[in-house]
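Student: Just passing along the structure, written as structure tokens.
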Amino acid sequence: MTRPGLCSPILGFLLLQQMMVLLLSALLMLMLSSAFVVQWQAFQQQSQMTFLHQTAVQSHTLLQRELSQSGFWAGLGLAQIKPPSPATTVQGDCHSTGVDSGSFPLAGQIWLTLYAGTVGAVNTPACLTNAVKQSDFIQVKHLAGDPLRLADLRTNRSYLQQSGLSGRFIRSGDAGLNAQFWYWPYRHELYYVAKQTLAGQSVPVLMRKRLVRNQQGNLTMDTAAVLDGVEMIAVEIGLDLDADGQAEQFIPASQVAGANWGQRQTIRQIRYFVLLRALQAETGYRNHLVYQLGQRQFQARGDPYRRLLISSSVKVAPAE
35 MTRPGLCSPI
45 LGFLLLQQMM
55 VLLLSALLML
65 MLSSAFVVQW
75 QAFQQQSQMT
85 FLHQTAVQSH
95 TLLQRELSQS
105 GFWAGLGLAQ
115 IKPPSPATTV
125 QGDCHSTGVD
135 SGSFPLAGQI
145 WLTLYAGTVG
155 AVNTPACLTN
165 AVKQSDFIQV
175 KHLAGDPLRL
185 ADLRTNRSYL
195 QQSGLSGRFI
205 RSGDAGLNAQ
215 FWYWPYRHEL
225 YYVAKQTLAG
235 QSVPVLMRKR
245 LVRNQQGNLT
255 MDTAAVLDGV
265 EMIAVEIGLD
275 LDADGQAEQF
285 IPASQVAGAN
295 WGQRQTIRQI
305 RYFVLLRALQ
315 AETGYRNHLV
325 YQLGQRQFQA
335 RGDPYRRLLI
345 SSSVKVAPAE
């Protein structure tokens with residue numbers, strides 16, 4: 035039996051077959067790889083959008099609840115609420131010099147139950163030392179929940195004691211508390227944006243400072259992360275210009291005059307804009323969009339993060 039030579043047509047044909055098989059295999063692998071990349075990008079996009087929509091729902095729920103309660107003082111006017119006696123010290127209090135005395139009213143000083151502005155401005159609360167500048171903060175103070183009896187007070191909370199048409203702030207262990215009075219839980223919270231490190235990456239986070247009493251019995255502003263992925267907040271205040279109970283003009287919170295903050299009956303509505311950002315970079319995506327947060331713009335700088343802008347407004351009851 036003779037073997038084909040090196041130049042045999044049969045051997046050349048077999049070599050051509052092998053080359054065709056290799057070429058087709060390479061094309062098939064390329065198609066499969068391309069399909070995998072497309073599917074992976076679609077999965078990334080869907081995951082990012084799902085995260086953004088979930089964060090949007092949580093942001094709306096939180097802000098709607100807190101802002102809608104900002105005028106609740108159990109029927110008491112702010113002039114009927116007495117400062118603590120003696121004056122109460124709060125560690126890390128969120129006061130603004132010349133604008134707001136902080137958690138509790140102080141004799142001879144302005145005390146605001148609702149206040150918002152832009153971080154970095156002159157009247158930024160003293161406690162915001164690591165907040166993202168040019169993003170807004172929202173500070174609310176109000177009574178919460180149902181009134182309690184003296185025996186039900188907790189040691190880690192602050193309360194307003196209501197006696198007829200007057201109230202005063204107390205601690206659960208204060209002497210001389212009357213069991214016949216009502217005691218309302220008091221909440222002082224401040225929301226802002228800061229940067230934190232997550233899995234080695236810097237991510238924007240919605241933060242909250244809240245008045246609590248620590249284990250040593252001291253009042254302090256506790257700091258906690260609330261929602262990941264909140265990149266910027268912008269707040270606009272709706273002012274009632276003709277005393278008809280409706281907001282006729284919306285202006286950025288940073289431009290609201292001090293007299294308006296001190297006269298809560300003119301503040302009828304709060305409009306907020308929240309820009310959300312995905313936590314993970316998306317392969318092959320570059321964001322160059324411009325986002326309109328009320329009268330403010332945010333320009334994405336070609337980074338690989340998807341964003342979602344949400345907005346809403348809340349009617350607020352005037353605190354007299």
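Just so we're aligned, residue 35 is where the sequence shown starts under the numbering used here, counting upward by one.
A virtual CB, placed ideally from N, CA and C, is assigned to each residue, including glycine.
As the structure is a prediction and not an experimental result, all values here were calculated from the model.
1. Do you know how far the Cα of Asn-157 is from the Cα of Gly-328?
2. I want to know whether the stretch 263 to 275 touches the stretch 292 to 309 - three or more CB-CB distances under 8 Å.
3. So, at 7 Å on beta carbons, what are the nonlocal neighbours of Gln-230 in its own chain, with the 5 sequence-adjacent residues on each side left out?
4. Return helix, strand or coil for Thr-257, following the three-state DSSP convention.
5. Do the stretch 169 to 176 and the stretch 218 to 233 touch if we need at least three Cβ pairs shorter than 8 Å?
6. If you check the beta carbons only, do Asp-127 and Met-255 fall under 8 Å apart?
7. Check whether the Cβ atoms of Pro-219 and Gly-179 sit closer than 8 Å, and answer yes or no.
8. Measure the beta-carbon distance from Arg-302 to Asp-274 and round it to whole angstroms, keeping in mind my assumption that it falls under 8 Å.
9. Just to confirm, are Ser-206 and Leu-253 a CB contact at a threshold of 8 Å?
10. Apart from the five residues just before and just after Leu-343, which ones in its own chain have a Cβ nearer than 6 Å to its Cβ?
11. Alpha carbon to alpha carbon, how far is Ala-315 from Leu-49? Give it in angstroms, no decimals.
12. Going by DSSP in three states, Gly-296 sits in which element: helix, strand or coil?
13. If we call anything under 8 Å between Cβ atoms a contact, is Ser-169 one with Val-348?
14. Let's test the definition: count the other Cβ atoms within 10 Å of the Cβ of Ala-165 and tell me whether it reaches 16, buried, or not, exposed.
15. Does the beta-carbon distance from Ala-281 to Gly-292 come in below 8 Å?
16. Which residues mark the beginning and the end of the beta strand (DSSP E) in which Ile-144 is found?
17. If I follow the unbroken beta strand (DSSP E) through Ala-268, where does it start and stop?
18. Tell me which residues share the same chain as Leu-184 and place their Cβ nearer than 7 Å to its Cβ, disregarding the 5 neighbours each side in the sequence.
19. So, helix, strand or coil for Phe-307, using DSSP?
20. Note down, in chain order, each residue of its chain lying with its Cβ closer than 7 Å to the Cβ of Glu-270, except the 5 sequence neighbours on either side.
21. Using the three-state DSSP reduction, which class does Ala-185 fall into: helix, strand or coil?
22. Closest by CA to Leu-261, which one among Gly-201, Phe-332 and Leu-97?
23. Would you please state the rounded distance, in angstroms, between the beta carbons of Asn-341 and Ala-334? I believe it to be under 8 Å.
24. Residues in the same chain with beta-carbon distance under 6 Å from Ala-69, minus the five sequence neighbours each way, listed in chain order, please.
25. Is it the case that the Cβ atoms of Ser-137 and Val-124 are separated by a distance below 8 Å?
26. Which of the three DSSP states is assigned to Val-91 in this structure?
Tutor: Per the coordinate set shown:
1. Taking the Cα positions, Gly-328 is about 21 Å away from Asn-157.
2. Counting Cβ pairs under 8 Å, three or more are found: they touch.
3. Cβ neighbours of Gln-230 within its own chain (closer than 7 Å, five residues either side excluded): Val-237, Val-239 and Ala-259.
4. Residue state, collapsed to three classes: strand.
5. Contact holds between the stretch 169 to 176 and the stretch 218 to 233, because three or more Cβ pairs, one in each stretch, are under 8 Å apart.
6. Yes, the pair counts as a contact, with Cβ atoms nearer than the cut-off.
7. Going by beta carbons, Pro-219 and Gly-179 fall inside the 8 Å limit.
8. Contact holds; Cβ gap of about 5 Å.
9. No, these two residues do not count as a Cβ contact at 8 Å.
10. Taking Leu-343 as the centre and dropping the five residues before and after it, the same chain places the C-beta of Leu-309 and Tyr-325 closer than 6 Å to its C-beta, in chain order.
11. Roughly 46 Å between the two C-alpha positions.
12. In the three-state reduction of the DSSP assignment, Gly-296 falls in the helix class, which pools H, G and I.
13. No.
14. By the neighbour-count rule (16 or more Cβ atoms within 10 Å), Ala-165 is buried.
15. No, the pair does not count as a contact, with Cβ atoms beyond the cut-off.
16. Counting along the chain, Ile-144 falls outside any beta strand (DSSP E), and DSSP gives it neither H nor E.
17. First-last of the beta strand (DSSP E) with Ala-268: 264 to 273.
18. Result list for Leu-184: Leu-211, Ala-213 and Tyr-217, in chain order.
19. Of the three classes helix, strand and coil, the one that applies to Phe-307 here is strand, per DSSP.
20. Excluding positions up to five away in sequence, the list reads Phe-284, Ile-285, Pro-286, Ala-287, Arg-305 and Gly-328.
21. In the structure shown, Ala-185 adopts helical secondary structure according to DSSP, grouped into three states.
22. Nearest C-alpha to Leu-261: Leu-97.
23. Rather than Asn, the amino acid found at residue 341 in this sequence is Arg. Arg-341 to Ala-334, Cβ: 7 Å. Contact.
24. Its chain contains no residue whose beta carbon lies nearer than 6 Å to that of Ala-69 once the 5 sequence neighbours on both sides are disregarded.
25. Yes, these two residues count as a Cβ contact at 8 Å.
26. In the three-state DSSP reduction, Val-91 falls in the helix class (H, G or I).
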